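Q:
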Amino acid sequence: MNCKILRGAPGDGKTLTMLGAMLTNSGRYLLASPRIDLLEEQISHLHANRPPDKFVGINAIHSKQRQRARVERRLEDALCAQADASYAIVGVTHETLLKIDPGLLKGWHVGIDEIPDGAIKSGKFKATTTWSSLERYYSLVPVVGGNWWEVRPREGVDQPSLGALANDGHSLLPFHAAARDPRRPLLVDIGAWEDASLPGRGVGWFSVWTMADLAACASVTIAAASFQHSLVYHAHRSLPGDRITFEEVRVRTAPRAKPRVRLHYFCEHRGSTEWWKTNEGEHCLVEMSKYLESIGFSGYWSCNETIRLAFQHRYKELWREPRQSGTNSLREHTSCAIIYSNKAQAADEPILDVLGLDRQAVLEAREYEDLWQFVMRGAIRDPAYAGSYDVYVYSRDQAEVLKAKLVENSITDDVTVIPVVEAGLLDVVRPGATIPESRRASDTRSLEERREETRARNNERQRQSRAAKREQKERSGTLRGRGRPRKQPMPSPAA
């Protein structure tokens, strides 16, 4: 099976290229988008540019439409009704794509915008006292060539509803939901449920959707900037099954105008949702929020939902979800801020073990990719934009990664990384944080030499900060010249 990957930086026209192919060549097409709002935007584009000399039915099917039937049932009806159509386009979300009966897509061309959300699920749970209920509902079948067993619902046994499990606050709800999907194998690292009763024994599980489900389609195309770094790509390369080849096609836009990008960061240490629960971590968030308010920040912004209260109501209501891949509605903004962490968790351990990946791979595939996509929603998404663009992130490593991506993707080479000295957080150290061994071993300088470098770095921070403030005042028209301001003449009294 061959899958075409449209590559290019955000804003290079990957999605428009894919939609253009749907409008140019007759056939039956299924379009899958990350979110409903983006799906509606793309369907509107297709309607506005439909070929005048051809009849093509263009429809979106999603959960926010006022129809009583379930999305899966409505999609099944639509696919069956148009099974013999010469030209049709149906749009769905990623969530719906992963639930489609593959047999209904035989002969259809599938276009997927961005990396499919929800393609990989994994977790870990304890079942010391509840293992017997798992044994009652599910059997375990050994998988050849590995230490994993496939979970299968037992025939003739009524399963508890997911609603009932949710009402009970059942911690195994994601596992049970994955077990109900007949099209995706669910694997666990335990050969007998009774073993879960052993002290300290956890149960790891994972479920992966692959493009193999689309093998009967006429073609499969994915428009994604960083597909080769995604966990989905790693899964296709590592898991057994039918071999899928990926044909990369580079999509290039017109030469970019090379904007000036300033990447501001607050901390030298890396953030995390657990750190932000501590008093010191909360202090960092509050100082960041106060600083952004003090400079009159007015761009679009985001953060983890769990820390949103630290920033809420300080700026204009331009909050957006952190994951904004594909969004085109923020191009008028020349600044953005995202205080965000999306690192590997305990629930990721099973899939990391299977794919042979480390936590750095998850950091790159999730946190760094989400930051990159978010930052590229603003003015610099437009290849013709040549002005300034300010970005505020939590930590230095995030700023450095964004700088590398901006240069590597030919967005611009005029990029400056600027520490925010005024927030007073650059010297905050997370307890337990250590210098990586590679850096420690290679640093042969004396203590005085390291101190001198720190002093020089602080001086440079102050200089960059003053220059950035001056330019910001120049843009807003509030920059005063040197010396005391001239006295304004008193207005003469009214006659």
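For the numbering used here, add 20 to where a residue sits in the sequence shown, where the first one is 1.
Each residue gets a CB set at the ideal place from its N, CA and C atoms; glycine is no exception.
The model shown is predicted, which means the values in this text are computed figures rather than measured ones.
#1: May I ask you to report which of helix, strand or coil DSSP gives D97?
#2: Near L36, which residues of its chain fall below 6 Å by C-beta distance, leaving aside the five closest residues on each side in sequence?
#3: Less than 6 Å between C-beta atoms, sequence neighbours within five positions excluded: which residues of the same chain meet that for K425?
#4: So, are the CB atoms of I78 and R90 less than 8 Å apart?
#5: On the DSSP bridge assignment, give the partners of W169 in chain order.
#6: Assign G143 to one of two classes, buried (16 or more other C-beta atoms within 10 Å of its C-beta) or exposed (fewer than that).
#7: Please tell me whether, using a cut-off of 7 Å, the distance from the CB of F266 to the nearest non-hydrogen atom of the ligand PLP is below it.
#8: What's the gap between the Cα of T230 and the Cα of A244?
#9: So, under 8 Å CB-CB, K24 and E267 are touching, yes? Tell me the CB distance rounded to an integer number of Å.
#10: Measuring alpha carbon to alpha carbon, tell me which residue in R221, L375, E420, E384 is nearest D247.
#11: By the 10 Å Cβ neighbour count, where 16 or more other Cβ atoms means buried, how is H196 classified, buried or exposed?
#12: Express the C-alpha separation of L422 and Y360 in angstroms, rounding to a whole number.
#13: R156 and V171 - do their beta-carbons sit closer together than 8 Å?
#14: Looking at C-alpha atoms only, which residue of A139, Y412, N348, S46 is the closest neighbour of R204?
#15: With contact counted as at least three CB pairs below 8 Å, one residue from each stretch, are the segment 41-53 and the segment 98-110 in contact?
#16: Could you tell me whether the Cβ of G291 comes closer than 8 Å to any Cβ of chain B?
#17: Where in the segment 332-398 do unbroken runs of the beta strand (DSSP E), each at least 3 residues long, occur, reported from the N-terminal end onward?
#18: Can you tell me whether R200 is helix, strand or coil according to DSSP?
#19: Could you round the C-beta distance between F286 and Y414 to whole angstroms and report it? I think they count as a contact, below 8 Å.
#20: Applying the criterion that 16 or more other CB atoms from any shown protein chain within 10 Å of the CB defines a buried residue, is F75 buried or exposed?
#21: From what residue to what residue does the beta strand (DSSP E) around N22 run?
#22: For the beta strand (DSSP E) that V437 lies in, which residues bound it at each end?
A: This is what the structure holds:
#1: helix
#2: Setting aside the 5 residues that flank it on each side, L36 has no residue in the same chain whose C-beta is closer than 6 Å to its C-beta.
#3: W392
#4: no
#5: P162, V208
#6: G143 should be labelled buried.
#7: Looking at this structure, you won't find the ligand PLP or any other ligand, since it has none at all.
#8: 16 Å
#9: Rounded to whole angstroms, the Cβ separation of K24 and E267 is 5 Å, and the two are in contact under 8 Å.
#10: The question names Asp, yet the displayed sequence has Phe at residue 247. Cα-wise, what sits closest to F247 is E384.
#11: buried
#12: 14 Å
#13: no
#14: A139
#15: yes
#16: You won't find chain B in this structure, because it holds only one protein chain.
#17: 355-359
#18: coil
#19: 6 Å
#20: When all chains shown are included, F75 counts as exposed.
#21: 22-27
#22: Note, V437: beta strand (DSSP E), 435-439.
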